[in-house]
Structures are given as structure tokens and as C-alpha cells.
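Protein chains: 2
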Amino acid sequence: MAADAGQDARSVTGRALRLLAAFDVAHPALTLSELARRADLPLATAHRLAGELQAWRALERGSDGRFRIGNRLWEMGLLAPVSSRLRQVALPFMQDLYEATRENVHLAVRDGCDALYVEKLCGHRSVPIVSRVGGRLPLHATGVGKALLAGADPQVREDYLDRPLSRPTGFTVVERGRLERELRDAARRGYALTREEMTLGSVSVAVPVGPTGEEAEGSAAGSAPPEAALGIVVRSHRADPARLVPPLKAAAQAIARRLVETARDPAPGLDHELPPMPVQRRGARDA
Amino acid sequence: MAADAGQDARSVTGRALRLLAAFDVAHPALTLSELARRADLPLATAHRLAGELQAWRALERGSDGRFRIGNRLWEMGLLAPVSSRLRQVALPFMQDLYEATRENVHLAVRDGCDALYVEKLCGHRSVPIVSRVGGRLPLHATGVGKALLAGADPQVREDYLDRPLSRPTGFTVVERGRLERELRDAARRGYALTREEMTLGSVSVAVPVGPTGEEAEGSAAGSAPPEAALGIVVRSHRADPARLVPPLKAAAQAIARRLVETARDPAPGLDHELPPMPVQRRGARDA
DNA sequence: CGAGGCCTTCCACTGAACGGAAGCCCAGAC
DNA sequence: GTCTGGGCTTCCGTTCAGTGGAAGGCCTCG
Numbered sequence: 013m014a015a016d017a018g019q020d021a022r023s024v025t026g027r028a029l030r031l032l033a034a035f036d037v038a039h040p041a042l043t044l045s046e047l048a049r050r051a052d053l054p055l056a057t058a059h060r061l062a063g064e065l066q067a068w069r070a071l072e073r074g075s076d077g078r079f080r081i082g083n084r085l086w087e088m089g090l091l092a093p094v095s096s097r098l099r100q101v102a103l104p105f106m107q108d109l110y111e112a113t114r115e116n117v118h119l120a121v122r123d124g125c126d127a128l129y130v131e132k133l134c135g136h137r138s139v140p141i142v143s144r145v146g147g148r149l150p151l152h153a154t155g156v157g158k159a160l161l162a163g164a165d166p167q168v169r170e171d172y173l174d175r176p177l178s179r180p181t182g183f184t185v186v187e188r189g190r191l192e193r194e195l196r197d198a199a200r201r202g203y204a205l206t207r208e209e210m211t212l213g214s215v216s217v218a219v220p221v222g223p224t225g226e227e228a229e230g231s232a233a234g235s236a237p238p239e240a241a242l243g244i245v246v247r248s249h250r251a252d253p254a255r256l257v258p259p260l261k262a263a264a265q266a267i268a269r270r271l272v273e274t275a276r277d278p279a280p281g282l283d284h285e286l287p288p289m290p291v292q293r294r295g296a297r298d299a
Numbered sequence: 013m014a015a016d017a018g019q020d021a022r023s024v025t026g027r028a029l030r031l032l033a034a035f036d037v038a039h040p041a042l043t044l045s046e047l048a049r050r051a052d053l054p055l056a057t058a059h060r061l062a063g064e065l066q067a068w069r070a071l072e073r074g075s076d077g078r079f080r081i082g083n084r085l086w087e088m089g090l091l092a093p094v095s096s097r098l099r100q101v102a103l104p105f106m107q108d109l110y111e112a113t114r115e116n117v118h119l120a121v122r123d124g125c126d127a128l129y130v131e132k133l134c135g136h137r138s139v140p141i142v143s144r145v146g147g148r149l150p151l152h153a154t155g156v157g158k159a160l161l162a163g164a165d166p167q168v169r170e171d172y173l174d175r176p177l178s179r180p181t182g183f184t185v186v187e188r189g190r191l192e193r194e195l196r197d198a199a200r201r202g203y204a205l206t207r208e209e210m211t212l213g214s215v216s217v218a219v220p221v222g223p224t225g226e227e228a229e230g231s232a233a234g235s236a237p238p239e240a241a242l243g244i245v246v247r248s249h250r251a252d253p254a255r256l257v258p259p260l261k262a263a264a265q266a267i268a269r270r271l272v273e274t275a276r277d278p279a280p281g282l283d284h285e286l287p288p289m290p291v292q293r294r295g296a297r298d299a
């Protein structure tokens, strides 16, 4: 297991990465000293490494002397499949959904024990909401999270439920039995619900994006887990969330279909070389 | 000057970064050998470094044995100001604009000698277009690029024009005199135009986002350069682009205003600690 | 004017990174 | 069947790049 992975890292690379990891939402700009402190590195070392990162434009240094994440790093990050494939494909459908409903529309994937928010659309007047593109929220307390968990590999689900669950609001369901029942219901119905379990006053509906979506329905509970989940969040006093299910399902299915299509024809309009497809040997995968 | 910056890099950090830089739009997934070749590193070295990056989840390794950019890197990238501030603020207005016009809406910043595309909205039916979020296009051949160049610091503009200019189509304006005139016109009118200069069959309109926008108009040509540019691309046979200028200007102004506001109140709803503001000493900025 | 931050530079020491080489696995050719 | 070739992984002795304490500069505040 990668128990301590990413924490210690005595190697140079590890130190450089620790430097990057010092940034987060609450600290998007850091002075050199802050950086060194947060990365737990001697000032001189932080200075040298940060300098190198800056030269490569992984970091930028503002006129206030603070370091920030650089455009180059941002650019590189956008090449991650989650953005270049998933977001790319899903965005137009999410826009349609937004226009039709005028509510917060979310797209998330499961990443470890979190729902990782890949995209989020919301107008000016929408509910102020905790989610953030690139942000993480617990799986059991969010609509998209439940949809992902409901469709996940049983083993993953077990492991998740074995851990202590956070309780953002008084309505968060943390009792194992009840949560399991809710997840089974969600899997059966094809959509998940949360009622003020993450934020007081907000309810959300979400559906899985992927093979589970529709076609593989009656037959197998053992179909591949969804790639993502699509969800909508509304103020709880606004009408019944069930109304939102049909358009959500339609959008999710359309996205899933396009994902399969784009997997076939490699990448539209780009010089692709289709390199030989090596097969995987064992070992080393989870060393 | 950072003449050779980012190319050589004999340091460990440099090698690791070279590994990252091996990925691009056309190569979003690489085998270890490809990675080593493209980064120009011995296989053993690439293996070790890629392994470390993978442990940190800056890279991920798919079931096909290929490396891809990891979610962790994507997450980090989203902390760059261009995304966490600019995109964040602009997106709702861009959505409005898209709904009102149903055309491709672009947001870009100047990054060195390129227009760097920060966000792009386009429905299913829009013009297939070369731009891509996180992608770069030449400043002189795109609408947003001209808007940025027109508002840029005169010295930057000079430097840009001194370099040889690419010519994506037969309509691209590369003659210095004519280009300068167009830029002056754009600055005066407050919007820039391109007609099939990047892509045959497409024309675009763009306006600067920033102080130049409106208020600082009559008085000074020497106002601060725009932070970004907002543009729309349409098929050239569709009606006159001038029609799009008013909504564009309105949106740009709204965005600029919100940018100033958010600069004042640090970050909505987050535990901010407002660390002491150190002042910058000389030296080292452009070493 | 001194104390306390923050940043930058220097340089002698050393242990971490290096990478050639050996070996494994798989696929396809013959 | 064997052989060739490509891709991946591991090993380990050498060496050179990274380290970080210390000194010094600049600034602000009391």
C-alpha cells in the first residue's frame, strides 16, 4: 500500500514536490519563508528549489515577492485525462443542462476517498456553494459522491465505509446500515439524492456517467464502475428534485456515449501517431 | 534575460520537469521509453524519476502501462491565478454571453508571445475551432491576441513585432505597418477584429478586460495593460461582427469590475489569515 | 539605533542521484 | 521450436550535484 506515499520524500524531487504541495486554496500565494516553513525545508534549500521551479515557470513570483502557481503548471495540468477528455466532452452537455435548469451543475470523479470536482457551472444567482473546480468533498455527503460510491466496485465501497465518516451537517448520514441502504437504492433507481447532508439548505441529485447509466441496467449489478457523476444542487425549498432526474440521465447518457466515441477515434484533428500498444506485465503496479 | 531558461537543466529538478514537459496535446499518454526519449534522459533515470512523480501522483500510470498527467498535478494547476481568480470570476459572464449569442466565447491572457486560452465555451453546433483551454495561439492572428497586443505596454508590442510573425492563413496580417495600424485602430475603438487570419472561414471580435475597458478611455493611452481579453468567433458568412461588440464590452466591463472587487475582499468564505505584506527589495526579480 | 523579518549568496562536505549493464517478459518472425 | 527486438525493471559502484549553516543586506517598527 502507498501508506505514507507523498509525505516523507527525502529525495530532491520529493522536496520540489513538497514545495508545490505547500500551496492550497487557502494559501494560493506564499512568501519564500512561508513556503519553506510549510514545506518543512531549510530556507536556503527552499530558495534554490523555488528558484528552479520559477525558472521553469512552474511557479511565478509576483511583484509583491510572493510565489504563486505558474501558468506552465496550469497548462500541464490541463493535459490530465480528467480535463482533456472528460471535461472536454462533458462541458457542452453541462451547459445545456444549466440553461434548461438554471441550477448549479457539477461533474465529479472519484479520486481515492473523495469526490473530485472536475467542472462546475453556476450563474450569478445560483446558490453559493462549497464545491470548487479541482476541489474535494467527501463521497458520502454529496450527491455526486453517492452516485459514484453506489456504482463503485463493492470492495472500494466496503473500504470506504470502514473508515470513520465526517459529518459536515446534522443531516449527514453516517450510520453504516442506512448509508448502505441509500446506496443500494441509488444504484437501483439510477440516481442518488442528498438532503442538506453537506450544506444546510441545499439538496442535490446526481447520476452516474458511464456504462451503468442505462443500457447495462436490468442485466448486471456487476457492470464497470462509472467514470464520473453528474449532479445538480438546488436550494431545498425549491420544488422536488425528482423533476431533475430525466434531464440529468439524458445528459449523462449522452456524455457516456461521446466518451466511448472519442476513445475510438483518438483525438480530433491532431497529428496522432498511434504508437504500438504495449501490454502490461505484472509486478510493480502497486509496489 | 531568461534566454535558455527551461531547456538545459542539468539539475534533478530540471530533469523531473523535463519529464513533465514531455507531455503535450499530441502526446497526452506516453510509455516509459517514449518518455525517456522525449525528455532525453537515460531509461534508468526516467524510470526512477517517473516513479517518484507517480508516487506523488503528479503522474499516473494507466492499465496500458502508459504514463499520463495525474490528477494531483491538475489540482495544483487550478490554483494558478489565471484559473482560480480570472476564470472563476469570468465564467458566469461568459455563460451569459454564450447564451445570448450562441457563438464560441473565449477568454485569453497574454503569456510571453502567445495568447494563452484560459476558458472557452462552445456548444455542440459551434464552429470547430483550433483554440483549446490551456492552448496557445499567436497574438497577431487571433481576435483576443490583437486585443491584448493593442492594450499591451508599447515596449512589449515593439518586441513582439520585431520578431518574425507566423502566417497561419493567406489572410494573416504580417506586414508591420498594417498590423500596427490595425492595433492602433483596435485600441481607439476598444475592440479588435480578425478576418480569417487564423482559420479560413472564421472571423472574430475581441475586447480587452481591464482598466482600458471603458472608464480610462478618453484620458490616457498609457493606462495599465489589460489583464485578459474576451472574444467571440463566428463563421465568416454569418452576419456582421460589429453587432457583437456591445454585449462583449458589457461583459468585459462587468468582469473587470468583479476582478477589482475580489482583489479587495481576499477570498469569499475561506479561512484567510491575511499574512503580513512584505515589500519587495530589488535584485533577483529578473536575474 | 537596535531588534527582528525577510531574502540572497557563499562554499566545504557528503550522501543522494546517476546510468551502464544485466536480466526479465512478451510478441512476432522465421 | 528458437531467435531477435522492444519494453520494462533492478542492481550497485562512482561521483558530482544538492545541501544547509552562516554571514550579510535591506527593510520596518518601536
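Those protein sequences? They're chains A and B, same order as listed.
For the first sequence, our numbering begins at 13 and goes up steadily by one.
For the second sequence, our numbering begins at 13 and goes up steadily by one.
Where is the CB? At the ideal position from N, CA and C, for every residue including glycine.
Everything numeric in this text was worked out from a predicted model, so none of it was measured.
For D108(A), the enclosing alpha helix (DSSP H) has its first and last residue at Q100 to T113. DSSP assignment within the stretch 152-185 of chain B yields the following whole alpha helix (DSSP H) runs of 4 residues or more, N-terminal first: 155-163 and 166-174. As for any alpha helix (DSSP H) of minimum length 4 sitting wholly inside the stretch 23-99 of chain B, the runs are 24-33, 44-51, 55-67 and 83-89, ordered along the chain. Nearest neighbour of L103(B) by Cα position, chosen from T113(A), H136(A) and A38(A), turns out to be H136(A). Interface with chain A (7 Å Cβ-Cβ cutoff): F35(B) is included. Cβ-Cβ separation between F105(B) and A266(B): approximately 5 Å, consistent with a contact (criterion under 8 Å).
When rounded, the separation of the alpha-carbon atoms in E208(B) and D108(B) is 26 Å.
Inclusion of A162(A) and P259(A) in the CB contact set at 7 Å is not warranted, their separation being larger than that value. For N83(B), at least one C-beta of chain A is nearer than 7 Å to its own C-beta. Secondary structure of V215(B) (DSSP, three-state): strand. The stretch 72-88 of chain B makes contact with the stretch 24-43 of chain B: 3 or more CB pairs, one atom from each, lie closer than 8 Å.
Per DSSP, reduced to three states, the secondary structure at V272(A) is helical. Residue nearest to R255(A) within the set E115(A), D126(A), A275(A) and L195(A) is E115(A) (criterion: CA-CA distance). For P238(A), the three-state secondary structure derived from DSSP is coil. Chain-order list of chain B residues neighbouring E115(A): empty, with the shortest C-beta distance near 13 Å, by a criterion of under 7 Å. Our two residues, P176(B) and A153(B), have alpha carbons roughly 13 Å apart in a direct line. Distance check between A164(B) and each of A127(B), R144(B), V185(B) and E131(B) places A127(B) closest, using alpha-carbon atoms only. At a cut-off of 7 Å, the C-beta of M88(A) has a neighbouring C-beta in chain B. Per DSSP, reduced to three states, the secondary structure at V246(A) is strand. The stretch 55-72 of chain B makes no contact with the stretch 57-74 of chain A; the number of CB pairs closer than 8 Å stays below 3. Contact between the stretch 232-251 of chain B and the stretch 188-195 of chain B is not established, with fewer than three Cβ pairs separated by less than 8 Å.
As the crow flies, the alpha-carbon of A159(A) is around 6 Å from that of P220(A). Sequence-distant partners of A198(A) (beyond 5 residues in either direction) whose C-beta falls short of 6 Å from its own C-beta, in its chain, are K158, A162 and A204. For V257(B), the secondary structure class from DSSP, reduced to helix, strand or coil, is helix. In this structure, V185(B) and E194(B) form a Cβ contact; the two beta carbons are roughly 6 Å apart against a cut-off of 8 Å. The residue from L32(B), E87(B) and V121(B) with its alpha-carbon nearest to that of E239(B) is V121(B).
For D252(A), no alpha helix (DSSP H) run applies, since DSSP gives it neither H nor E.
By the rule that beta-carbons nearer than 7 Å mark a contact, G189(A) does not touch chain B.
For L29(A), the closest of L212(A), P150(A) and A51(A) by C-alpha to C-alpha distance is A51(A). Listed by position along chain B, the residues whose Cβ is nearer than 8 Å to that of C134(A) are P104. Take the alpha-carbon of G63(A) and the one of A33(B): they are about 18 Å apart. P40(B) belongs to the set of residues whose beta carbon lies under 7 Å from a beta carbon in chain A. By the rule that beta-carbons nearer than 7 Å mark a contact, L53(A) does not touch chain B.
Under the DSSP definition of a beta bridge, V221(B) partners with A240(B).
For R169(A), the closest C-alpha among the options V272(A), R196(A), R200(A) and P180(A) is that of R196(A). In the structure shown, R144(A) falls within a coil segment according to DSSP collapsed to helix, strand and coil.
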